[in-house]
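Inspection log for the structure reproduced underneath, given as structure tokens.
Residue numbers (the numbering used here): 1 to 323.
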């Protein structure tokens with residue numbers, strides 16, 4: 001892989017490792033010991049004392065373990081993204097992602113990350129279906145001109161214009177109806193979708209995506225019960241609605257049969273509505289009202305990857321919406 005691809009893969013891998021670690025109980029794990037070792041190795045620090053808990057001696061003793069883990073994963077990302085070429089640590093990151101995700105070992109001869117992730121292209125995906133027209137929004141909360149300013153580009157104007165009715169219906173339906181709530185919502189969905197370029201998951205299948213199929217534990221968590229459910233109910237919409245169970249719940253909430261027509265979730269009419277439903281079912285408006293970007297991000301993503309990009313969109317949205 002070339003240097004640009006390596007950086008993209010490495011970013012995805014480190015973000016995923018952080019996400020997995022932050023979901024673990026707040027107690028030392030062997031994955032924490034790897035992060036500690038890697039930071040010391042890349043920073044020229046001596047090895048951790050025998051028997052010492054991870055991160056001791058790297059950060060202030062006043063931190064909680066969650067704060068140690070949070071800061072350490074950020075530090076590892078900063079250090080590894082500066083590496084000019086593949087490093088043995090990349091293989092270890094790949095290995096820990098697999099262990100924490102219950103995935104098989106990396107095949108011999110395969111570069112780290114390439115069986116875990118599919119790199120996104122800069123060009124937008126093409127929705128495979130156009131759904132029925134949704135009701136005309138009774139109130140315009142945001143205009144297309146405002147949205148272009150928040151995105152920072154008019155490059156994909158046809159797609160954005162097609163999505164505007166669904167955006168305004170979503171804002172009303174799910175009470176994302178104050179400038180601050182809207183700003184946080186846009187900050188998240190624009191990061192997750194690359195400025196509305198990507199409305200569905202890229203399908204490899206990667207090693208992780210093969211676990212979408214029953215009888216794996218991940219498939220059970222997603223409610224995937226039938227062969228083919230993994231690809232059939234892949235991530236769609238601007239916050240990647242995934243799994244038969246979520247599609248069924250979204251269908252019930254909207255009165256639309258997304259189980260039989262899953263591609264509708266990636267259509268301009270419903271791509272943002274799915275995100276609004278997700279936002280509402282997790283009461284993310286509460287964190288948005290507190291103007292807590294980190295809390296909002298963790299509720300959306302499970303970690304805090306892409307935080308700087310989310311903050312970029314959030315700041316633009318606040319400026320455009322006047323909050």
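Heads up, the beta-carbon is just placed ideally off N, CA and C, and yes, glycines get one too.
Keeping to the same chain, check which residues put their C-beta closer than 8 Å to that of residue i; ignore five residues upstream and five downstream.
| i | result |
| --- | --- |
| residue 182 | 141, 142, 171, 176, 317, 321 |
| residue 87 | 80 |
| residue 213 | 219, 224, 227, 228, 229, 230 |
| residue 36 | 48, 54, 55, 58, 72 |
Please classify residue i: is it buried, with 16 or more other beta-carbons within 10 angstroms of its beta-carbon, or exposed?
| i | result |
| --- | --- |
| residue 276 | buried |
| residue 203 | exposed |
| residue 54 | buried |
| residue 139 | exposed |
| residue 293 | buried |
| residue 201 | buried |
| residue 289 | exposed |
| residue 287 | buried |
| residue 26 | exposed |
| residue 273 | buried |
| residue 325 | Summary: the structure shown does not reach residue 325, with the chain confined to residues 1 through 323, and so no result is reported for it. |
| residue 15 | buried |
| residue 193 | buried |
| residue 2 | exposed |
| residue 217 | exposed |
Taking just the CA atoms, how far does residue j sit from residue i?
| i | j | result |
| --- | --- | --- |
| residue 222 | residue 31 | 25 Å |
| residue 118 | residue 46 | 36 Å |
| residue 56 | residue 48 | 8 Å |
| residue 166 | residue 270 | 6 Å |
| residue 121 | residue 12 | 14 Å |
| residue 115 | residue 104 | 11 Å |
| residue 150 | residue 323 | 13 Å |
| residue 232 | residue 52 | 47 Å |
| residue 389 | residue 22 | With the chain covering only 1 through 323, there is no way to say anything about residue 389. |
| residue 245 | residue 296 | 23 Å |
| residue 224 | residue 243 | 6 Å |
| residue 163 | residue 248 | 23 Å |
| residue 83 | residue 158 | 39 Å |
| residue 309 | residue 196 | 14 Å |
| residue 312 | residue 187 | 8 Å |
| residue 161 | residue 298 | 29 Å |
| residue 315 | residue 190 | 12 Å |
| residue 102 | residue 241 | 22 Å |
| residue 61 | residue 68 | 9 Å |
| residue 89 | residue 44 | 15 Å |
| residue 256 | residue 235 | 18 Å |
| residue 63 | residue 265 | 42 Å |
| residue 148 | residue 155 | 9 Å |
| residue 152 | residue 319 | 12 Å |
| residue 282 | residue 210 | 27 Å |
| residue 263 | residue 41 | 46 Å |
| residue 178 | residue 301 | 22 Å |
| residue 70 | residue 279 | 24 Å |
| residue 284 | residue 9 | 29 Å |
| residue 185 | residue 108 | 42 Å |
Going along the chain, which residues of its own chain have a beta-carbon closer than 7 Å to the beta-carbon of residue i, five neighbours each way excluded?
| i | result |
| --- | --- |
| residue 91 | 112 |
| residue 39 | 58, 72, 75, 76, 79 |
| residue 253 | 277 |
| residue 173 | 276 |
| residue 145 | none |
| residue 33 | 54 |
| residue 96 | 17, 31, 34 |
| residue 110 | none |
| residue 137 | 165, 168, 169, 172 |
Return the Cβ separation of residue i and residue j in integer angstroms, given the expectation that the two are a contact with Cβ distance under 8 Å.
| i | j | result |
| --- | --- | --- |
| residue 237 | residue 180 | Wrong, their Cβ atoms sit about 23 Å apart, outside the cutoff. |
| residue 259 | residue 251 | 6 Å |
| residue 208 | residue 169 | Their Cβ separation, rounded to whole angstroms, is 33 Å, which puts residue 208 and residue 169 out of contact at 8 Å. |
| residue 93 | residue 17 | 6 Å |
So residue i is in the alpha helix (DSSP H); what residue range does that whole segment cover?
| i | result |
| --- | --- |
| residue 144 | 144-151 |
| residue 17 | 3-22 |
| residue 62 | It is not in any alpha helix (DSSP H) - residue 62 carries neither H nor E in the DSSP assignment. |
| residue 179 | 179-192 |
| residue 163 | 157-173 |
| residue 230 | 229-232 |
| residue 255 | It is not in any alpha helix (DSSP H) - residue 255 carries neither H nor E in the DSSP assignment. |
| residue 313 | 307-321 |
| residue 281 | 271-281 |
| residue 294 | 293-301 |
| residue 96 | 88-101 |
| residue 239 | Residue 239 -> no alpha helix (DSSP H), and no H or E assigned at all. |
| residue 33 | 30-43 |
| residue 219 | 217-222 |
| residue 209 | 207-210 |
| residue 284 | 284-289 |
Once you ignore the five residues that flank residue i on each side, which residues in its own chain have a CB closer than 6 Å to its CB?
| i | result |
| --- | --- |
| residue 20 | 100 |
| residue 106 | 94 |
| residue 28 | 53, 54 |
| residue 303 | 18, 19, 22 |
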